[in-house]
Amino acid sequence: MSSTENSLDRALHAIADPTRRRILQALKEGEAQARMQKAANGPSLCAGDVEERVRLSQPTISHHMAILTKAGLVEATKKGQKAIRQMLKTLRGKL
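The opening position of the sequence shown corresponds to residue 0 in numbering that gives the first Met the number 0, with each subsequent residue numbered one higher.
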């Protein structure tokens, strides 16, 4: 199997789960809200922000975020002790 097929398989597996689609939607809404407020930190959320929006436990959010990140749908940036997540730019307009 080629690396392109592997990447596609990971992405499709990631978005097949309804919880991960809810997380992606929460990221999209959080990014839109941050842009409207012209947030200094840019359009991104930490796991705690997503937890509030999706109403799941932090370990559950982290598990699903890891899958989304590995699939290349979300990127993580460390800010202090927090991992800030945001959707990849190529995905933003498609959700």
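Backbone N, C-alpha and C fix where the C-beta goes; we use that ideal spot for every residue, glycine too.
>> Please return the same chain residues whose Cβ sits closer than 8 angstroms to the Cβ of Val-53, not counting the five positions on each side in sequence.
In response: Excluding residues within five positions, the ones whose Cβ falls inside 8 angstroms are Thr-18, Arg-21, Ile-22, Ala-25 and Ile-60.
>> Let me make sure I understand the geometry here. Which of Leu-55, Ala-75, Glu-4 and Asp-8 has the alpha-carbon closest to that of Leu-44?
In response: Considering only alpha carbons, the answer is Ala-75.
> How is Leu-55 classed by DSSP in three states: helix, strand or coil?
Replying inline: The DSSP-derived three-state label of Leu-55 is coil.
> Where do the N-terminal and C-terminal ends of the alpha helix (DSSP H) with Asp-8 fall, by residue?
Replying inline: Run containing Asp-8: 2-15, per the alpha helix (DSSP H) assignment.
> From Ala-64 to Leu-11, what does the alpha carbon distance come to, in whole angstroms?
Replying inline: Strictly speaking, residue 64 in this sequence is Met, with Ala absent from that position. When the Cα atoms are used, Met-64 and Leu-11 turn out to be separated by approximately 15 angstroms.
> Applying the criterion that 16 or more other CB atoms from any shown protein chain within 10 Å of the CB defines a buried residue, is Ser-2 buried or exposed?
Replying inline: Only exposed fits Ser-2, as fewer than 16 other CB atoms lie within 10 angstroms of its CB.
> When the Cα atoms are used, what is the spatial distance from Arg-9 to His-62?
Replying inline: Straight-line Cα distance between these residues: approximately 15 angstroms.
> Exposed or buried, Glu-50, counting other C-beta atoms within 10 Å across all chains shown (16 or more means buried)?
Replying inline: Of the other Cβ atoms in all chains shown, 16 or more fall within 10 Å of the Cβ of Glu-50; this residue is therefore buried.
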